[in-house]
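Novice:
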Amino acid sequence: MTSDSKGAMDRRTVLKVGSGAGVAALAGCISTNSDDGGDTDTPTDGGGGGGGDNTQTTDGGGGGGTNRYEIGMVDATTGSLSAFGQRNQRGKDLALAAVNDVGVKDGELGIVVEDSASEPQGGVSAAQKLVNQDGVPFLIGAVGSGVSLAIYESVVQGTDVVQLSQNSTGLSLSNFPGLLRMSPTGSTQSRALANIIAEDGHDSVAVTYVNNDYGQSLADAFVENWDGEIAYNNSHDQEQQSYSSVVSQMNSSGADAWLFITYQPEFATMVNEMYSSGYDAPLYGADSVSGTDVLENTPEGSMDGMKIVVPSAPVEEENYQQFVSEFEAEYDEQPTVWSAYAYDCVINAALAVQAADEFTGAALQETVREVTRPEGEQVTSYEDAQQILADGGGPSDVDYQGVSGPIDFDENGDPKGFLQILEVQGHDYVGIGFIEG
Numbered sequence: 000m001t002s003d004s005k006g007a008m009d010r011r012t013v014l015k016v017g018s019g020a021g022v023a024a025l026a027g028c029i030s031t032n033s034d035d036g037g038d039t040d041t042p043t044d045g046g047g048g049g050g051g052d053n054t055q056t057t058d059g060g061g062g063g064g065t066n067r068y069e070i071g072m073v074d075a076t077t078g079s080l081s082a083f084g085q086r087n088q089r090g091k092d093l094a095l096a097a098v099n100d101v102g103v104k105d106g107e108l109g110i111v112v113e114d115s116a117s118e119p120q121g122g123v124s125a126a127q128k129l130v131n132q133d134g135v136p137f138l139i140g141a142v143g144s145g146v147s148l149a150i151y152e153s154v155v156q157g158t159d160v161v162q163l164s165q166n167s168t169g170l171s172l173s174n175f176p177g178l179l180r181m182s183p184t185g186s187t188q189s190r191a192l193a194n195i196i197a198e199d200g201h202d203s204v205a206v207t208y209v210n211n212d213y214g215q216s217l218a219d220a221f222v223e224n225w226d227g228e229i230a231y232n233n234s235h236d237q238e239q240q241s242y243s244s245v246v247s248q249m250n251s252s253g254a255d256a257w258l259f260i261t262y263q264p265e266f267a268t269m270v271n272e273m274y275s276s277g278y279d280a281p282l283y284g285a286d287s288v289s290g291t292d293v294l295e296n297t298p299e300g301s302m303d304g305m306k307i308v309v310p311s312a313p314v315e316e317e318n319y320q321q322f323v324s325e326f327e328a329e330y331d332e333q334p335t336v337w338s339a340y341a342y343d344c345v346i347n348a349a350l351a352v353q354a355a356d357e358f359t360g361a362a363l364q365e366t367v368r369e370v371t372r373p374e375g376e377q378v379t380s381y382e383d384a385q386q387i388l389a390d391g392g393g394p395s396d397v398d399y400q401g402v403s404g405p406i407d408f409d410e411n412g413d414p415k416g417f418l419q420i421l422e423v424q425g426h427d428y429v430g431i432g433f434i435e436g
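Under numbering that gives the first Met the number 0, the first residue of the sequence shown is numbered 0, with each subsequent residue one higher.
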C-alpha cells in the first residue's frame, strides 16, 4: 500500500476497537530487554559456505550426509535497533526449528547471521560477507529501512540474490520492487496518525523525525496526509546525548500536539528532557518509539495519554496464538510482531527453497512470491505447506498465511498489514483499536 490518497482511510471509520485478546498481546510493543541468551550474532551452521549454488552443502559427520541449504540474515544484534534484532533472533530460531523438524527437500535449512550494528555501512559489510564470501542465494535483512536500502543498492541489486527485509517500514522501499519486505509500509502508519490526531481535535502538529530514510519517509507521508498546520518539522540525529534543543523548539512552536518518529533510546532521552522542563503536550508516535526500555527509563506519568500506531499481527488467528504459545514456552515472555515478521521470513525462505528447481538465486526469485499467493491452498504452518510441495504441488499451489498475517507481496514487494493503536495508561501500553492495512 502506498501513500497516494489522503482519503484512503476515512477519519470516521478508521478506528476499529480491539478485543481483549489484542490488548493482551500488545503485538507491536518492542521490548529492549538485553537478556536474550545464546548466539544472536553467531552463524547457526558449522559448514563452509562457498559461492553460487555451492551453498548447498553436505554435512559429513557420522552416518551419511545431510544436505544443508544455507541462507543469510543481516540483523541488528547491536546498536540502537538491537531491540528489534534480539526479538528477531528468537522468532528466527523458532521458525528454523519448525522447518528442520519437517525438513527442506532432502535436507535442512541453515542460517548464517551477521550483525549490521544498526547502521547502513555495517549492514553493507555484513551483506557483502554473506553474498560474496558465503555465497548465499537468499538474504533476510535488514532492520532499519536505510540499512535495507543500502544493502540492496550496494550488494543485491543487479544480482539474482533474493532480499527479504524483516523489519523495514520506510516508504521508499516501495520504489525497489526487487526488495521484498515482511513488515508493512509505513504509509499506513502515517495516514492513521494524521487521522487519529485530527479525530482528537488538534489543528497543529510539531513533528520531529530521526534523520534517515525511515524517519524522513514517514514524516513526509504524515505531512502529505495532514490537513492542519505543521508548526514544526525537523529531523534529529541518532545517539545524541541531549535533545533539549529539539523539545524546546517543539514547545516554542505552540503546536497542539507533538509527533515523534524516532527510535527508543532517542525518544526516552526526549521524554526525560520534556518532563524535567515541565513541557506538557499531547504526544503521538510511530511504532519505533514504544518499548519496555522507554517505560523503564522515563518517569511515571511522563507519557500518559500518548497514542502510538504500531504494526500488529492478527492476534485472534489460531496460528498466531500458537506462535505466542511456543514463544512464551521457550522464552518466558510474549513475542512482538517483529518476532513474527522474522519467523515468517524464515518460513517464506524455506518454502521458496522447497518449491525451487535448484538452490540458486535465479530459481528462488521464481518461487519466493508464489508460495504466499491467494490463488493457492491456504495453509498456516510450514509443515502443511511443505507437504503440498513435497507431494508434487507447485509454488502457486500454496498460499502460506503467516503468523504475522497474509503476506501476498504486491508489485512493489510490499505485504498486506495490520496496525494496532496503543495508548500509554498508567505508564504501560494498552491496545485501544486496530486498523486493517
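Backbone N, C-alpha and C fix where the C-beta goes; we use that ideal spot for every residue, glycine too. Quick caveat: nothing in here was measured; it's all calculated off a predicted structure.
Smallest Cα separation from residue 237: which of 133, 407, 117, 309?
Specialist: Translated into the one-based positions of the sequence shown, residue 237 becomes position 238. It is 117 whose Cα lies nearest to the Cα of residue 237.
Novice: Hey, how far is the Cα of residue 215 from the Cα of residue 262?
Specialist: Walking along the sequence shown from the start, residue 215 turns up at place 216. Walking along the sequence shown from the start, residue 262 turns up at place 263. Between residue 215 and residue 262, the C-alpha separation is close to 13 Å.
Novice: Are the C-beta of residue 225 and some C-beta of chain D separated by less than 9 Å?
Specialist: Annotation note: the requested chain D is absent from the structure, which comprises a single protein chain.
Novice: Can you check whether the CB of residue 326 is closer than 9 Å to the CB of residue 317?
Specialist: If you number the sequence shown from 1, residue 317 lands on position 318. If you number the sequence shown from 1, residue 326 lands on position 327. Not closer than 9 Å, so no.
Novice: Below 8 Å, how does it come out for the stretch 142–150 and the stretch 160–169: are there three or more Cβ pairs, yes or no?
Specialist: Flag = yes, the stretch 142–150 and the stretch 160–169 touch.
Novice: What span of residues does the beta strand (DSSP E) with residue 74 cover, start to end?
Specialist: For the purposes of this step, residue 74 is taken as the residue at position 75 of the sequence shown. Taken as a continuous stretch (DSSP letters only), the beta strand (DSSP E) holding residue 74 covers 65–74.
Novice: Pick helix, strand or coil for residue 241, following the three-state DSSP scheme.
Specialist: Numbered from its first residue, the sequence shown carries residue 241 at position 242. Coil.
Novice: Taking the beta strand (DSSP E) that residue 268 belongs to, which residues open and close that run?
Specialist: In the sequence shown, the residue the question calls residue 268 occupies position 269. It is not in any beta strand (DSSP E) - residue 268 instead sits in the alpha helix (DSSP H) that spans 263–276.
Novice: Here's a check: name, in chain order, each residue in its chain whose Cβ is nearer than 6 Å to the Cβ of residue 27, leaving out the five neighbours to either side.
Specialist: Stepping through the sequence shown from its first residue, residue 27 is reached at position 28. Bear in mind that a pLDDT of 34 at residue 27, under 50, signals an unreliable position, so the model cannot answer this.
Novice: Here's the rule I'm using: 16 or more other beta-carbon atoms within 10 Å means buried, otherwise exposed. How should residue 410 be labelled?
Specialist: The residue given as residue 410 occupies position 411 in the sequence shown. It counts as exposed.
Novice: Would residue 298 be called buried (16 or more neighbouring beta carbons within 10 Å of its own) or exposed?
Specialist: Here residue 298 corresponds to residue number 299 of the sequence shown, with the count starting at 1. Looking at its Cβ environment, which holds fewer than 16 other Cβ atoms inside 10 Å, residue 298 is exposed.
Novice: Hey, could you find the ends of the beta strand (DSSP E) residue 207 is sitting in?
Specialist: Position 208 of the sequence shown, counted from the first residue, corresponds to residue 207. Unbroken beta strand (DSSP E) run through residue 207: 203–209.
Novice: Identify the continuous alpha helix (DSSP H) that holds residue 122 and give its terminal residues.
Specialist: Position 123 of the sequence shown, counted from the start, is the residue given in the question as residue 122. Element bounds for residue 122: 119–127.
Novice: Could you please give me the residues that DSSP links to residue 95 through a beta bridge?
Specialist: For the purposes of this step, residue 95 is identified with residue 96 of the sequence shown, where counting begins at 1. In DSSP, residue 95 forms no bridge with anything.
Novice: Taking C-alpha atoms, which residue in 390, 377, 160 lies nearest to residue 405?
Specialist: By one-based count along the sequence shown, residue 405 stands at place 406. Residue 377 is the option with its Cα nearest to residue 405.
Novice: Rounded to whole angstroms, what is the Cα-Cα separation between residue 343 and residue 358?
Specialist: Numbered from its first residue, the sequence shown carries residue 343 at position 344. Numbered from its first residue, the sequence shown carries residue 358 at position 359. Approximately 20 Å, taken between the alpha carbons.
Novice: Let me know if residue 451 comes out buried or exposed under the rule of 16 or more other beta-carbons within 10 Å of its beta-carbon.
Specialist: Nothing can be reported for residue 451, as the shown portion of the chain is limited to 0 through 436.
Novice: Out of curiosity, what's the CA-to-CA distance linking residue 210 and residue 190?
Specialist: For the purposes of this step, residue 210 is taken as residue 211 along the sequence shown, with counting starting at 1. For the purposes of this step, residue 190 is taken as residue 191 along the sequence shown, with counting starting at 1. Between residue 210 and residue 190, the C-alpha separation is close to 20 Å.
Novice: Taking DSSP's pairing of strands, which residues face residue 298 in a bridge?
Specialist: Position 299 of the sequence shown, counted from the first residue, corresponds to residue 298. Partner(s): none; residue 298 has no beta bridge.
Novice: Just to confirm the assignment, what range does the beta strand (DSSP E) spanning residue 180 have?
Specialist: The residue you call residue 180 lines up with position 181 of the sequence shown. 178–180 is the span of the beta strand (DSSP E), which, as asked, contains residue 180.
Novice: Please classify residue 131 as buried or exposed, where buried requires at least 16 other C-beta atoms within 10 Å of its C-beta.
Specialist: If you number the sequence shown from 1, residue 131 lands on position 132. Per the 10 Å Cβ criterion, exposed.
Novice: Around the Cβ of residue 114, are there at least 16 other Cβ atoms within 10 angstroms (buried) or fewer (exposed)?
Specialist: Taking the sequence shown and counting its residues from 1, one reaches residue 114 at position 115. Result: buried.
Novice: Figure out for me which residue from 396, 367, 365, 384 has the closest Cα to the Cα of residue 375.
Specialist: Taking the sequence shown and counting its residues from 1, the one referred to as residue 375 is at position 376. Measuring from the Cα of residue 375, the nearest candidate turns out to be 396.
Novice: Going by DSSP, which residues form a beta bridge with residue 108?
Specialist: As a first step, residue 108 is located in the sequence shown; it is residue number 109 there, counting from the start. 68.
Novice: Measure the C-alpha to C-alpha separation of residue 348 and residue 330 and round it to an integer number of angstroms.
Specialist: Locating residue 348 in the sequence shown gives position 349, where the first residue counts as 1. Locating residue 330 in the sequence shown gives position 331, where the first residue counts as 1. Their Cα atoms are separated by approximately 24 Å.
Novice: Which residues in the same chain have their Cβ closer than 8 Å to the Cβ of residue 300, if we skip the five residues on either side of it in sequence?
Specialist: Here residue 300 corresponds to residue number 301 of the sequence shown, with the count starting at 1. Excluding residues within five positions, the ones whose Cβ falls inside 8 Å are 426.
Novice: What is the C-beta distance between residue 371 and residue 399, in whole angstroms, given that I count them as a contact (C-beta under 8 Å)?
Specialist: Looking up residue 371 in the sequence shown gives position 372. Looking up residue 399 in the sequence shown gives position 400. Confirmed, about 5 Å.
Novice: For residue 140, count the other beta carbons within 10 Å of its own beta carbon; 16 or more makes it buried, fewer makes it exposed. Which is it?
Specialist: Residue numbering aside, residue 140 sits at position 141 when the sequence shown is read from its first letter. It counts as buried.
Novice: Mapping DSSP to helix, strand and coil, what is residue 394?
Specialist: Your numbering for residue 394 matches position 395 in the sequence shown. Here residue 394 sits in helix by DSSP.
Novice: Determine which residues share a DSSP beta bridge with residue 419 and list them.
Specialist: Along the sequence shown, one-based indexing puts residue 419 at 420. DSSP, once it has assigned bridges, lists 309, 433 as partnering residue 419.
Novice: Hey, how far is the Cα of residue 274 from the Cα of residue 283?
Specialist: In the sequence shown, residue 274 corresponds to position 275, counting from 1. In the sequence shown, residue 283 corresponds to position 284, counting from 1. Approximately 15 Å between the Cα atoms of the pair.
Novice: With distances taken Cα to Cα, identify the nearest neighbour of residue 352 among 137, 127, 120.
Specialist: Position 353 of the sequence shown, counting from 1, holds the residue named residue 352. Measuring from the Cα of residue 352, the nearest candidate turns out to be 137.
Novice: How far does the beta strand (DSSP E) with residue 233 in it extend, from its first residue to its last?
Specialist: For the purposes of this step, residue 233 is taken as residue 234 along the sequence shown, with counting starting at 1. Start and end: 228–235.
Novice: Starting from the C-beta of residue 258, find all residues in its chain whose C-beta is less than 6 Å away, skip the five residues before and the five after it, and write them out in chain order.
Specialist: Here residue 258 refers to the residue found at position 259 when the sequence shown is read from its first residue. Excluding positions up to five away in sequence, the list reads 204, 206, 283.
Novice: If we ignore side chains and look at the alpha-carbon of each, how far apart do residue 363 and residue 105 end up?
Specialist: Stepping through the sequence shown from its first residue, residue 363 is reached at position 364. Stepping through the sequence shown from its first residue, residue 105 is reached at position 106. Taking the straight line from one Cα to the other gives about 17 Å.
Novice: Measure the C-alpha to C-alpha separation of residue 90 and residue 153 and round it to an integer number of angstroms.
Specialist: As a working note, residue 90 is residue 91 in the sequence shown. As a working note, residue 153 is residue 154 in the sequence shown. C-alpha separation (whole angstroms): 27 Å.
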